[in-house]
Every structure is written in C-alpha cells, then in structure tokens.
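Residue numbers (the working numbering): 82 to 315.
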C-alpha cells in the first residue's frame, strides 16, 4: 500500500487534485494508471479511498469513493527538544519520531543551544514523508521554536511531565516513571545539556527528572529513545 497526502481534503469533497511532488510520485514513480485505486490521508485521522480518473504532466485527478476515520485512543506523547547544531540530526529525529508515533514536537531554545531557527517548511515535508512511509494517518503537530522559559510558562499541567538529565545521580529511568495510558511530555536538552538553573525551573513547573540509561546520548538520539520507551510502555 502507498499512502498519499492532501492537507486540505475534507469529507465533503468529491475529488482530489494532485500537483507537483504528489503528482510526480503518483505518475512518474509509481506509474499509476487511470482506474487504479489510491489511498490519501489529510493527516487528521482520515483515509480517503479514491480512483484515479485523470493523468497528465501537470496534475492528476482522483475521485473520492469513500473514507474511513481512525479511532485512536492511544496516549499522546509531546516532546520539547532542543534544536541540534547540525540541522540534519534534528531532521533525523523528526523522521524517526513520526514513524514511531509522536503527537507533538516543540523545538526549544535552551542556554546551551547553538541553533535557534528551524526551516519549518522543510521540517514539515520531512514529517509528511515519514507519515506516509509508515502508513500513519495523523501528522504530528510541529510548533515554532520557543525559549525554554516560555515553554515552561505555557505547559499543559494535565500531562505527566519529565525532563531527561545527566545532572542528577541515582534517578529513576523514564521507563519506570511512565504510567501506561497516560499522556506525557518530555523535555530533551541540547548537546551541552540543561543547566542546573534550567533543571530547577523545570522542577518548579512539576517536571520530574529522569534518566534514559547509563550512556550519554546525543540530543536527537535521546528524543528517539524517549519515543521508543513511551511506545513500548503503551
């Protein structure tokens, strides 16, 4: 099965028109023909079952036959993670976290962060590609970069909240603190780690310090490991 993406398709629409990348993938890569079945998601839990009715160099037209809406009661994971020095490492995290099944990603700017900007358009394309590749029908929310202090001022207090750190010895592993079925949020710091002051601020905001294991992990690896642990627990 191949899954395509159309951001603005809704249940009231009777056809989908592809241009540019999706059109090229449909016609040049997969070489679909008129009459072939095509599955399309809008990234909001819907999958539209379509029939290809028109193909040309500039666009392809699909007729919507029916649709399904997934019922996903799985707990949600939000990760606030520092931008990495090298953009390709952060993009790797975006890809893998989407494949595993993250709900929301917030790039944070901490004291030891080197990069403060994100190419949001490129990042979203990576999320879309990973969503389609893994046959998921929900696109993770990707927020704009925000300072750690501002993020802590606007957190959702209903979530179980954790901060990964190497500053404290003899703390519980994340896997021991997660509660099956609960929505959670996890803070992941930059390559230089969170400062003691930032850790104290997070603790005041009811974030529980946790360990991801004995090894010191890169930022992007810590993010993926957190996603994996959450997925296994739930």
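The C-beta atom is built at its ideal place from N, Cα and C for all residues, glycine as well.
Look at residue i and residue j and say whether their C-beta atoms are less than 7 Å apart.
i, j, result
"residue 84", "residue 216", "yes"
"residue 325", "residue 255", "In this structure the chain extends from 82 to 315, so residue 325 is not present and cannot be described."
"residue 287", "residue 156", "no"
"residue 86", "residue 213", "yes"
"residue 164", "residue 188", "yes"
"residue 293", "residue 283", "no"
"residue 173", "residue 301", "yes"
"residue 110", "residue 131", "no"
"residue 127", "residue 148", "yes"
"residue 259", "residue 226", "no"
"residue 161", "residue 268", "yes"
Here's the rule: buried if 16 or more other CB atoms are within 10 angstroms of the residue's CB, otherwise exposed. What is residue i?
i, result
"residue 261", "exposed"
"residue 266", "buried"
"residue 134", "exposed"
"residue 313", "exposed"
"residue 307", "buried"
"residue 116", "exposed"
"residue 122", "buried"
Grouping DSSP H, G and I as helix and E and B as strand, with all else coil, what is residue i?
i, result
"residue 155", "coil"
"residue 246", "coil"
"residue 257", "helix"
"residue 179", "helix"
"residue 134", "strand"
"residue 172", "helix"
"residue 111", "coil"
"residue 86", "strand"
"residue 214", "helix"
"residue 129", "strand"
"residue 209", "helix"
I believe residue i touches residue j by the beta-carbon criterion, under 8 Å. Please report the beta-carbon distance rounded to the nearest angstrom.
i, j, result
"residue 224", "residue 186", "7 Å"
Inset, instruction - For the segment 203-221 and the segment 229-244, state whether three or more C-beta atom pairs, one from each stretch, are separated by less than 8 Å. - result: no
Legend entry - Segment contact, 8 Å Cβ cut-off, at least three pairs: the segment 133-151 with the segment 267-280: no
Inset, instruction - Examine the Cβ distances between the segment 242-253 and the segment 172-190 and report whether three or more of them are shorter than 8 Å. - result: no
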